[in-house]
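To keep things clear, I will list the structure first and then write my remarks on it.
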Amino acid sequence: MSEGYKSNRNVFYTCTIMWYSFQILEGNKKKRGTLAKLGHVKMVMHRAMQGTPKTAVVKRTPTGKWFVSISIEMEEAEVQKKCLPACPEAVGLDVGLKTFAYLSTGEEIPNPRFFRAEEAALARAQRKLSKARHAGSRERQKKRKVVARVHERIGNRRKNFIEQEVCKLIKRFGLLAVEALVVRNMVKNPKLAKSIADASWSKFFAHLLCKAEEAGREVVRVSPAYTSQTCSMCGHRQPMPLSLRVYECPRCGLVIDRDHNGSKNILEEGLKAVGRHSRVIPEAPG
Numbered sequence: 005m006s007e008g009y010k011s012n013r014n015v016f017y018t019c020t021i022m023w024y025s026f027q028i029l030e031g032n033k034k035k036r037g038t039l040a041k042l043g044h045v046k047m048v049m050h051r052a053m054q055g056t057p058k059t060a061v062v063k064r065t066p067t068g069k070w071f072v073s074i075s076i077e078m079e080e081a082e083v084q085k086k087c088l089p090a091c092p093e094a095v096g097l098d099v100g101l102k103t104f105a106y107l108s109t110g111e112e113i114p115n116p117r118f119f120r121a122e123e124a125a126l127a128r129a130q131r132k133l134s135k136a137r138h139a140g141s142r143e144r145q146k147k148r149k150v151v152a153r154v155h156e157r158i159g160n161r162r163k164n165f166i167e168q169e170v171c172k173l174i175k176r177f178g179l180l181a182v183e184a185l186v187v188r189n190m191v192k193n194p195k196l197a198k199s200i201a202d203a204s205w206s207k208f209f210a211h212l213l214c215k216a217e218e219a220g221r222e223v224v225r226v227s228p229a230y231t232s233q234t235c236s237m238c239g240h241r242q243p244m245p246l247s248l249r250v251y252e253c254p255r256c257g258l259v260i261d262r263d264h265n266g267s268k269n270i271l272e273e274g275l276k277a278v279g280r281h282s283r284v285i286p287e288a289p290g
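First residue of the sequence shown: 5, per my numbering; consecutive thereafter.
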């Protein structure tokens with residue numbers, strides 16, 4: 005084992021091993037793995053491996069589940085097979101709290117708010133944990149696992165949601181423009197920190213960048229400055245507090261949802277960045 009970490013409470017364990025220390029044995033019905041110093045272990049393969057395995061990361065979750073993530077080196081030809089056909093469609097995405105994301109096409113991705121949905125169950129589990137006996141007792145360990153399962157359920161649902169939405173976007177659009185948000189600074193707002201963390205924008209952007217590179221799509225990150233304050237039709241800029249949900253332009257008369265307006269501006273900035281800018285500013289009426 006080349007690297008390891010174990011917490012003081014023994015709730016999480018992970019280590020990185022070289023591939024020759026872990027082997028997969030093909031069986032008639034079930035597959036088994038051979039792990040150095042542990043011997044044979046039962047396993048469920050998520051998908052068949054394609055390429056040359058290099059390292060394996062063995063991870064134990066707080067609920068006691070074990071996972072092995074295998075890093076594989078692939079040939080350039082195999083990587084190119086995963087690329088999707090070229091697509092000329094482009095879209096701008098404005099992430100938010102009312103809706104998870106608003107597309108420049110006018111479509112909305114609803115915000116599922118997984119933490120909020122499980123908040124009451126989590127609070128009950130944590131109250132029972134706090135009333136359990138002293139640390140190290142079986143009762144406390146049992147209550148701790150209940151809390152860990154609630155957190156794991158929230159994480160799994162959030163991960164599944166992000167993966168599904170990213171897959172839909174990657175298949176539909178060849179260019180995706182998003183804001184270069186610094187989420188770690190945004191969560192310092194005490195009134196919005198829980199909602200921002202629940203939305204998990206950072207995980208969404210990271211997964212979007214990863215899958216776009218794999219599929220041969222382009223993701224452009226633009227500055228978030230003034231995207232909600234600028235009119236997407238004529239370029240007029242005006243203050244827009246968070247309480248105002250509709251953008252009304254006094255110059256050209258445009259009335260549009262603020263998030264839709266922001267996504268259009270994000271797309272326009274993304275097109276500028278790749279040299280496909282084509283905005284035509286109309287004359288003001290009257």
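C-beta atoms are modelled at their ideal positions from N, C-alpha and C, and glycine is treated no differently.
Buried or exposed: where does residue i fall if 16 or more other Cβ atoms within 10 Å of its Cβ makes it buried?
i: R142; result: exposed
i: Y251; result: buried
i: T56; result: exposed
i: H44; result: exposed
i: N160; result: exposed
i: R221; result: buried
i: C235; result: buried
i: W70; result: exposed
i: L271; result: buried
i: C253; result: buried
I need the straight-line Cα distance from residue i to residue j, nearest angstrom please.
i: Y24; j: L180; result: 40 Å
i: I166; j: H211; result: 8 Å
i: G96; j: E79; result: 33 Å
i: Q84; j: L126; result: 44 Å
i: V15; j: P66; result: Bear in mind that a pLDDT of 47 at V15, under 50, signals an unreliable position, so the model cannot answer this.
i: D261; j: K102; result: 12 Å
i: A152; j: E123; result: 13 Å
i: S73; j: G239; result: 48 Å
i: V170; j: A136; result: 41 Å
i: M22; j: S75; result: 10 Å
i: K132; j: K147; result: 7 Å
i: F1; j: S199; result: One cannot answer for residue 1 here, as it falls past the ends of the chain, which runs 5 to 290.
i: L258; j: Y106; result: 18 Å
i: A224; j: K35; result: It is worth fixing the name first, because residue 224 is Val in this sequence and not Ala. Near 42 Å, if we compare the C-alpha coordinates of K35 and V224.
i: I28; j: E217; result: 29 Å
i: L248; j: Y230; result: 15 Å
i: L219; j: L275; result: For clarity, residue 219 is Ala in the given sequence; the question names Leu instead. Cα-Cα distance, rounded: 20 Å.
i: L246; j: E112; result: 18 Å
i: A139; j: G178; result: 54 Å
i: C256; j: R241; result: 12 Å
i: E93; j: R176; result: 7 Å
i: E82; j: I174; result: 19 Å
i: M49; j: G266; result: 43 Å
i: R162; j: V154; result: 12 Å
i: M244; j: C214; result: 33 Å
i: N115; j: T38; result: 42 Å
i: A201; j: R120; result: 11 Å
i: H264; j: M237; result: 12 Å
i: N269; j: A184; result: 13 Å
i: G110; j: D98; result: 11 Å
i: T59; j: L88; result: 28 Å
Which residue comes first and which comes last in the alpha helix (DSSP H) that contains residue i?
i: K147; result: R142 to R176
i: H264; result: R262 to A277
i: A90; result: Counting along the chain, A90 falls outside any alpha helix (DSSP H), and DSSP gives it neither H nor E.
i: A203; result: A197 to A203
Can you tell me which of the three DSSP states residue i falls into?
i: C19; result: strand
i: G68; result: coil
i: G96; result: strand
i: N32; result: With a pLDDT of only 47 at N32, under the threshold of 50, the placement of this residue in the model should not be trusted; the figure read from the coordinates follows. DSSP places N32 in coil when its eight states are reduced to three.
i: R241; result: strand
i: Q27; result: strand
i: V83; result: helix
i: V191; result: coil
i: H50; result: coil
Give the DSSP bridge partners of residue i, in chain order.
i: H44; result: T38
i: S75; result: T59
i: P114; result: T103
i: L180; result: V95 and V223
i: T109; result: BP columns for T109 are empty, so no partner.
i: V186; result: V186 is not bridged to any residue.
i: T234; result: R241
With respect to the beta strand (DSSP E) encompassing residue i, which residues constitute its N-terminal and C-terminal limits?
i: L126; result: Here L126 belongs to no beta strand (DSSP E); instead the alpha helix (DSSP H) covers F118 to S134.
i: V250; result: V250 to E252
Regarding residue i and the ligand NAD, is the C-beta to nearest heavy atom distance less than 7 Å?
i: K102; result: You won't find the ligand NAD in this model; it holds no ligand whatsoever.
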